[in-house]
Amino acid sequence: ELALKSLGSEGLFLFSSLDTNNDLYLSPEEFKPIAEKLTGVAPISEFEEEETPDPSGETLSVVAKFQPLVMETMTKSKDGFLGISHVALSGLRNWTAPAAPMSVMLARQFKAFLPPKNKVDLGDPWWIIPSELNIFTGYLSNNRFYPPPPKGKEIIIHRLLSMFHPRPFVKTRFAPQGAVACIQAISTFYYTIAFRIHAEFQLNEPPDFPFWFSPGQFTGHIILSKDSSHVREFKLFVPNNRSLNVDMEWLYGASESSNMEVDIGYLPQMELESTGPSIPSVIHDENGNVIDSRDPSGEPIQFVFEEITWQQEIPWEEAAQKLEVAMYPFKKVSYLPFTQAFERAKAEKKLVHSILLWGALDDQKHNKLLSASLPMPGSGRTLRETVLESSPILALLNESFISSWSLVKELEELQTNRENEFYSKLADLHLEKYNFPVEMIICLPNGTVVHHINANYFLDITSMKPEDVESSIFSFSTNFEDPSTATYLQFLKEGLQRAKPYLQS
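All residue numbers for the sequence shown refer to our numbering, where the first residue is 414 and numbers rise by one.
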């Protein structure tokens, strides 16, 4: 109360965004972002002091490519952003180019991508940055402007993402956080490492309120020597193959409980790529003497690199799937594209278990979209982190269903596609049953819906005591402690039961 009286609500909001340990005291470390902002000088970090370039070390040139968010893809654009102040979106509108179009980095900094000693098999994932959040820990504060100083393996990822924007958070507010990797190919001296990173950016600064920009994922690969002295190739990008790939959230007041606006949109391009292999920063002749990096005519010396012969490798799609399952255990069940799911279901004589949602199920957008739009705290994570990951659900889905998830926007586009009447009808039957934000649907291979339940309703009944639930709606099984798992299992079994007459005929 004294702090509120001294600073006012907006002043206290800024103070608490810096006071990361909530002790009402700003340590020099906590005050650092403001000091850097006021003085314009950033002190040399301990990491940079330790990593003074080795005269014989190699450097890698990385370029950033960025096309800003297509504003028309935001759902709020349909009403002309009515009721949304221009200030709230200023950080988004002003972000039109990468913060650093090119950067030169030390090859050895990419050592963070190398596998630990016990993870040298193809496709065996490990965490570069472990996720520290789960359904029990909740999520991190929205009321923050400046990222905490990166440590250890976070440093290289922070530096790479800083090429896009000066305020990347390498640990997201919601699970699953972090970065995961696996070996895609092995040669005598090199690895190809596939990776997936969940990170987000803070686009606003005081006195504006926070605006969070969260791409669905960053993915990519690096080819580097096993001793990390040489990087042959590096690429990191936000996938742009779906119609929506970014979540945005912004606060409307000076407290954690202030109203929050949520939207999704499409980002056409956000990628980093090496311009070529890493090269020595200093060149020596055969006698060890330093020589000029340009030939007598002034042209840069051309390096010739040996061709890499891969002894073992797996396809990119397989590596990406391994990373996806590491981030999301519920993906132990394959989730096929919408139309493929119905073709597979017809061939295997199974039902389709379909999840229709406003935002994606298998990237970090879905967590926040749901938790912001559903009435129960943390409810967005419930569906994915408990129900769809539980062993009995995974077993039944694998045995009796073909699973799929789709964006509403994608089915609306399919619905209007008259080139394939069957696909259009499938989309139509799904959208008839959809209610915001998520609808779980069980249907026959011909698209006939035999059962469906809305996420809001599902989460409402699973939060009630068993004795308060009408037995005719869903019955709770005493075999499972978790009512969510029991209820979802019941939902699937009832779908199978209702489909029996159709399947038998």
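Ideal Cβ placement from N, Cα and C applies to all residues, glycine included.
Asked, Found
"Evaluate the contact criterion for the segment 504 to 523 versus the segment 470 to 482: three or more CB pairs, one atom per stretch, below 8 Å.", "yes"
"Taking the C-alpha atoms as reference points, what is the distance between His678 and Val717?", "With the sequence shown as reference, residue 678 is identified as Gly, and His is not the correct amino acid for it. Rounded to whole angstroms, Gly678 to Val717 spans 43 Å at the Cα level."
"State buried or exposed for Leu916, treating a residue as buried only when at least 16 other CB atoms are found within 10 Å of its CB.", "exposed"
"Between the Cα of Ala868 and the Cα atoms of Ser837, Glu823, Leu801, which residue gives the shortest distance?", "Leu801"
"Enumerate, from N- to C-terminal direction, the unbroken beta strand (DSSP E) stretches of 3 or more residues contained entirely within the segment 519 to 575.", "539 to 542"
"Using the Cβ count rule (16 or more neighbours within 10 Å means buried), how would you classify His766?", "buried"
"Let me check understanding here. Comparing Cα to Cα, which of Pro652, Phe647, Glu720 lies closest to Thr688?", "Phe647"
"Candidates Leu810, Ile692, Thr722: which alpha carbon is nearest Tyr901's?", "Leu810"
"Looking only at its own chain, which residues have a Cβ that is under 8 Å from the Cβ of Val703, when we skip the five neighbours before and after it?", "Val695, Ile696, His697"
"Is Ala739 buried or exposed, if buried means 16 or more other CB atoms sit within 10 Å of its CB?", "buried"
"Keeping to the same chain, check which residues put their C-beta closer than 6 Å to that of Leu764; ignore five residues upstream and five downstream.", "Phe814, Ile855, Ala912"
"Which term fits Lys744, buried or exposed, when burial requires 16 or more other beta carbons within 10 angstroms of its beta carbon?", "buried"
"Whole angstroms are fine: how far does the CA of Phe444 sit from the CA of Val593?", "31 Å"
"For Gly689, which three-state DSSP category applies?", "coil"
"Using 8 Å as the cut-off, can you tell me whether the segment 742 to 757 makes contact with the segment 622 to 629, which would need three or more C-beta pairs spanning the two stretches below that distance?", "no"
"Let me know the secondary structure DSSP gives Trp818 once reduced to three states.", "strand"
"Distance check for Phe751 and Ser890, CA to CA, integer angstroms please.", "Caution applies to Ser890, whose pLDDT of 44 falls short of 50 and renders its modelled position unreliable; the model cannot decide the point."
"Am I right that Pro690 and Arg645 are in contact with their C-beta atoms under 8 Å? What's the rounded C-beta distance?", "5 Å"
"Counting C-beta neighbours from all protein chains within 10 Å, is the total for Gln682 16 or more, i.e. buried, or is it exposed?", "exposed"
"Sorted by chain position, which residues of the same chain lie with C-beta nearer than 6 Å to Pro514's C-beta, five sequence neighbours on each side aside?", "Ala477"
"Can the beta-carbon of Glu613 be found closer than 8 Å to that of Phe558?", "no"
"In whole angstroms, give me the CA-to-CA distance for Lys566 and Glu719.", "29 Å"
"Rounding to the nearest angstrom, what Cα-Cα distance links Gln630 and Lys491 in this structure?", "26 Å"
"Is the distance from the Cβ of Phe608 to the Cβ of Thr632 below 8 Å?", "yes"
"Which residue comes first and which comes last in the alpha helix (DSSP H) that contains Leu664?", "Counting along the chain, Leu664 falls outside any alpha helix (DSSP H), though it belongs to the beta strand (DSSP E) covering 659 to 664."
"So, Cys595 versus Asp640, is the Cβ gap smaller than 8 Å?", "no"
"Give me the Cβ distance between Leu770 and Pro850, rounded to the nearest whole Å; I'm assuming they're in contact under 8 Å.", "6 Å"
"Among Pro562, Pro560, Phe523, Val862, which one has its Cα closest to the Cα of Gly908?", "Val862"
"Helix or strand or just coil, what does DSSP make of Ser804?", "helix"
"Considering only C-alpha positions, which residue in the set Ile568, Trp729, Leu553 is nearest to Ile541?", "Ile568"
"Mind reading off the beta-carbon distance from Gly860 to Lys846? Whole number of angstroms is fine, and I expect it under 8 Å.", "Incorrect: roughly 11 Å between the Cβ atoms, too far for contact."
"In its own chain, which residues sit with a C-beta less than 6 Å from the C-beta of Ser803, not counting the 5 before and 5 after it?", "Thr898"
"For Ser642 and Tyr603, I'd like the C-alpha separation in whole angstroms.", "11 Å"
"Hey, is Tyr559's beta-carbon within less than 8 Å of any beta-carbon in chain B?", "The chain labelled as chain B is not found in the depicted structure, where only one protein chain is given."
"Might you give, ordered along the chain, the residues of its own chain that have their beta carbon closer than 6 Å to the beta carbon of Leu553, omitting 5 neighbours on each side?", "Arg586"
"Kindly indicate which three-state DSSP category Met487 falls into: helix, strand or coil?", "coil"
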